[in-house]
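The opening residue of the sequence shown carries number 26 in our numbering; numbering runs sequentially from there.
Even for Gly, the Cβ is constructed at its ideal location relative to N, Cα and C.
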Amino acid sequence: RISLSLRHPQTMASSKSHQYTCLSPGLLSPSSSSSLKSASDDVSRYASSYALAQPYKHVQILPLMTPQAASGVRDEIISNLDASLRETDLFKVYQTPDLANLDKDAASSAAPHLLALLEAIYSEEF
């Protein structure tokens, strides 16, 4: 399991017409009025989950990505980002540099799946 902590970089905003193929189909664009109700229910459920989350505020959006995109992101993180081992008395974790500072020009060829995910997450629609 990979856990990413992302801060909002102003430079990641994308146009509304962009298709985020890395995200699960229908996540950002319900296609019918019944889907709109479902999307509204999802937002309410996520808001409630976030409000009740312990020990810190968080929410899981499942499924967030297509399996192919998730695999691509994972492979690109392992291959292209240097991670350093951080250790406390409670856990050990490999930490990557802040993804908000990712060089978009370099990432477009070396990590296209990761760049697509970041653009989707930082989009106005998301």
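query: Drop a sphere of 10 angstroms on the beta-carbon of residue 51, count the other beta-carbons inside from all chains shown, and report buried for 16 or more, exposed for fewer.; result: exposed
query: Mind checking whether residue 148 and residue 140 have CB atoms under 8 Å apart?; result: no
query: Which first and last residues belong to the beta strand (DSSP E) in which residue 84 is found?; result: First-last for residue 84: undefined, no H or E at that position.
query: Kindly indicate which three-state DSSP category residue 79 falls into: helix, strand or coil?; result: coil
query: Would you decide whether residue 118 is buried or exposed? Buried here means 16 or more other CB atoms lie within 10 Å of its CB.; result: exposed
query: To the nearest angstrom, report how far apart residue 124 and residue 135 are at their CA atoms.; result: 14 Å
query: Do you know whose CA, among 114, 112, 98 and 107, lies nearest residue 143's CA?; result: 98
query: Looking at the structure shown, is residue 143 part of a helix, part of a strand, or coil, going by DSSP?; result: helix
query: Where does residue 124 sit, in a helix, a strand or coil, going by DSSP?; result: helix
query: Between the alpha carbons of residue 129 and residue 101, how many angstroms are there, rounded?; result: 14 Å
query: What residue from 90, 122, 116 and 112 has the CA that sits closest to residue 103's CA?; result: 122
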